[in-house]
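Chemist:
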Amino acid sequence: MNTTIADKKINLNILSREEKKALVKTTYKKNSYFQQLFNADHAEFKCEKFAIGLRNQIERILIEKQLAPHKIPLEQLHDVLSDEMKTYNFNDGVNKISTYFYETDEQFMHEYHQFIKFLREQIVTEPFWFQAIPTIRIHCPDGKNNNHYPRYHTDIGYGHPPEEMNLWIPLTDILTGHGFRIMSLAASKKIIEQFDFDFEPFIDNAINNKNFSNNCDTLSEPVTTELGSVIAFDSRCIHTGEPLKTHTRVSIDIRILPISQYEQMNIEYQGSGRRKILFTPGNCYNKHHSDYFLNK
């Protein structure tokens, strides 16, 4: 990373609450890089080769880590998992089975990097930083504490750079629904405006106010992206998981950040979670940007 650029950035957590509100207000009032690139606040793209490849890798790892007794369609994974594996931590909405994928292996990462190469060549067409370890989510229909969901949020509210682009890849068939909802940017902006661009009360309501969640349900739409495609969306869009009823959903979240946007940022963004991860190369983002993988 260019240390001269990094030295010019001010850490997000140094800002006062009023300064953070002003930053969020500016963020929601401007046209984003995503809008300029796609002329929309979300877009879908075919990526069947990579979605199936990543799905196969998940199936392999489940067997090698002895999490599944044999190869089983991922949609039926809940049938062979213990209650302990399916139970959600109510604070972060992560169940135990998902924690086994905080680390994968070289085979999986090779498949992931091939997908990054595809994004660079076919979708974004300029160098970008990308999430070093993608977020693999395994949601089961009968997991204890699944009332954690819905919990409407935007990643910006947890310290992510607004210049990021979110990508969501389903690795299972939609069947009765993916259990994932997204609001339009316009609806998201109206919600944030109601809280005077202050994420603290927004997050509190998302966690504790059932009427607020019900209202968000009316403003959001279920994601219907099919297995074999990826949905990309503006990071300012509010979204949530929701409980599943009949099948397991496996998906991958990836955040990418065009280098041109990173270099224009005057804020060093940092997560508000337990790890307080920095959204910088070598931390949240891979130490190599997308173009490193073009000839690999």
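So for the sequence shown, this note's numbering puts the first residue at 8; every next one is plus one.
All C-beta atoms, glycine included, are put in the ideal place defined by N, C-alpha and C.
1) Who are the Cβ neighbours of Lys-72 in its own chain at under 8 angstroms, not counting the five residues just before and after it?
2) Quickly, what does DSSP pair Ile-259 with across the bridge? List them, please.
3) Please state whether DSSP places Gln-138 in a helix, a strand or coil.
4) Are there three or more Cβ pairs, one per stretch, closer than 8 angstroms when the segment 87-98 is compared with the segment 149-157?
5) For Thr-247 versus Pro-177, is the C-beta distance shorter than 8 angstroms?
6) By the DSSP assignment, the beta strand (DSSP E) with Val-31 in it spans what residues?
7) What are the boundary residues of the beta strand (DSSP E) that Arg-62 is part of?
8) How big is the Cα-Cα spacing for Asp-86 and Gly-186?
9) Can you find the residues in the same chain that come closer than 6 angstroms, C-beta to C-beta, to Leu-251, ignoring five residues on each side of it along the sequence?
10) Would you mind working out which of Gln-43, Asp-224, Ile-21, Lys-28 sits nearest Gln-268, comparing C-alpha positions?
11) Put Pro-265 into one of helix, strand or coil per three-state DSSP.
12) From what residue to what residue does the alpha helix (DSSP H) around Ser-195 run?
13) Below 8 angstroms on the Cβ atoms is my guess for Phe-115 versus Gln-64; work out the distance and round it to an integer in Å.
14) Identify whether Pro-208 lies in helix, strand or coil by the three-state DSSP scheme.
15) Going by other Cβ atoms of all chains shown within 10 Å of its Cβ, with 16 needed for buried, is Gly-280 buried or exposed?
16) Just tell me which of Lys-197, Leu-74, Leu-81 has its CA closest to the CA of His-254.
Modeler: Once the coordinates are examined:
1) Tyr-107
2) Ile-143, Ile-176
3) strand
4) yes
5) no
6) No beta strand (DSSP E) holds Val-31; the alpha helix (DSSP H) holding it covers 24-36.
7) No beta strand (DSSP E) contains Arg-62, which is instead part of the alpha helix (DSSP H) from 55-71.
8) 18 angstroms
9) His-146, Pro-148, Gly-186
10) Gln-43
11) strand
12) 192-201
13) 4 angstroms
14) helix
15) exposed
16) Leu-81
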